[in-house]
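*Asks:*
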Amino acid sequence: MRAAGYRAGLRILDLADRLRGRNHELLPPRRYRRFVGNGDFLEVGRQITDYMQTELGVGPAHDVLDAGCGAGRIAVPLTDVLGEKGSYLGFDIVPHAIEWCSSAMTPKYPNFRFEHVDIRQEIYNPDGKPRAADFRFPAEDSAFDVVAMVGLISHLLPPELDNYLT
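Going by this note's numbering, 596 is the number at position 42 of the sequence shown; the sequence numbering is gapless.
(1) For E669 and I647, which I take to be in contact (beta-carbon distance under 8 Å), what is that distance rounded to the nearest angstrom?
(2) If you follow the alpha helix (DSSP H) that R600 is in, where does it begin and where does it stop?
(3) Contact between the stretch 630-648 and the stretch 614-621: three or more CB pairs below 8 Å?
(4) Starting from H670, follow the beta strand (DSSP E) in both directions and report where the run begins and ends.
(5) Would Y718 be called buried (16 or more neighbouring beta carbons within 10 Å of its own) or exposed?
(6) Under 8 Å between the Cβ atoms of V700 and V612?
(7) Near V598, what residues of its chain come up, given a Cβ to Cβ distance below 7 Å and the 5 sequence neighbours on each side ignored?
(8) Let me check one thing: in DSSP terms, what residues is R674 bridge-paired to?
Structure (structure tokens):
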């Protein structure tokens, strides 16, 4: 009963967003955004993407890997940055977030791909198979210009972080 009330409340907040004009075509429903941290989903994503452009030089032909992409907080604004010669690959352990991103973004932006990875994580995926300390990113070495791990680092233990940075 409590979970049903929570989901209903999220649907009401989604409706309120649409009524206030916050209906960006790629804004995921709140039930998918709850895993990506605090703050305005679109604004925080824009701030991160602005940083990637100004400080890291990310532009239309770059290839971006987003480890722990969630519901696509930086993927959404990157659709305005990356051109056809660029690419984006996001992966996450939350399957419904990946399913939403794949169905909402990839058809409109075929150079944006999303993959579910079944990594064991105590809070979000306790039944996952590989440990993060043993996981290998779903990409070849040096295949990307930029690797983002926004919000992911706080979920990693030192051996896991070492593995991801390697």
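Idealized CB from N, CA, C, for every residue including glycine.
*Replies:* A quick look at the data gives this:
(1) Rounded, the Cβ-Cβ distance is 11 Å, inconsistent with contact.
(2) Taken as a continuous stretch (DSSP letters only), the alpha helix (DSSP H) holding R600 covers 595-610.
(3) Output reads yes: the stretch 614-621 touches the stretch 630-648.
(4) 666-670 is the extent of the beta strand (DSSP E) around H670.
(5) Buried is the call here.
(6) The answer is yes: Cβ separation under 8 Å.
(7) Here the set comprises R627.
(8) Paired residues: R685.
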